[in-house]
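Input: a single structure, listed below in structure tokens.
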Amino acid sequence: MKTALFIIFAMTATVASPVLALVAQAKPQSGDLTLVIAPPFGMSIDGILAASGMTDIYPDRAPIGAFVQLEDTQSYDALIANGAWLVLRGEGILELC
Numbered sequence: 006m007k008t009a010l011f012i013i014f015a016m017t018a019t020v021a022s023p024v025l026a027l028v029a030q031a032k033p034q035s036g037d038l039t040l041v042i043a044p045p046f047g048m049s050i051d052g053i054l055a056a057s058g059m060t061d062i063y064p065d066r067a068p069i070g071a072f073v074q075l076e077d078t079q080s081y082d083a084l085i086a087n088g089a090w091l092v093l094r095g096e097g098i099l100e101l102c
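Encoded structure:
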């Protein structure tokens, strides 16, 4: 039983560590490339970006995510207030890809 718990813990830590590293990043600043993640239910990424007065900067995007350029210091707060789940620094995401 101890071995099974150890294996489960080790696998969980291995799978979760890249996600935790991305979420634990510093808050994006003005001018940063940023990945905006929308919830799978509720407002779409198009609605969140339109309500925040922003547009995506890459031609291709995922159904619930888009890369944007933060225009000013209030852009981050506007995205969160309009329903974005996560607003992450885009440079770290692009390094993984």
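Take the sequence shown: its letters are residues 6 to 102, numbered as in our numbering.
For each residue, glycine too, the CB sits at the ideal point set by N, CA and C.
This structure is a prediction, so every number in the text was calculated from the model and none was measured.
Contact between residue 43 and residue 88 holds: their C-beta atoms lie close to 7 Å from each other, under 8 Å.
In terms of Cβ geometry, residue 71 and residue 85 do not form a close pair [threshold 8 Å]. Rounded to the nearest angstrom, the Cβ distance from residue 60 to residue 93 is 18 Å, too far for a contact under 8 Å. The C-alpha of residue 14 is placed about 10 Å away from the C-alpha of residue 7. For residue 75, no alpha helix (DSSP H) run applies, since DSSP gives it neither H nor E. Around the C-beta of residue 68, fewer than 16 other C-beta atoms lie within 10 Å, and the residue is accordingly described as exposed. Comparing C-alpha distances from residue 82 to each of 46, 23, 35, 48 shows the shortest one belongs to 35. Of the other Cβ atoms in all chains shown, 16 or more fall within 10 Å of the Cβ of residue 53; this residue is therefore buried.
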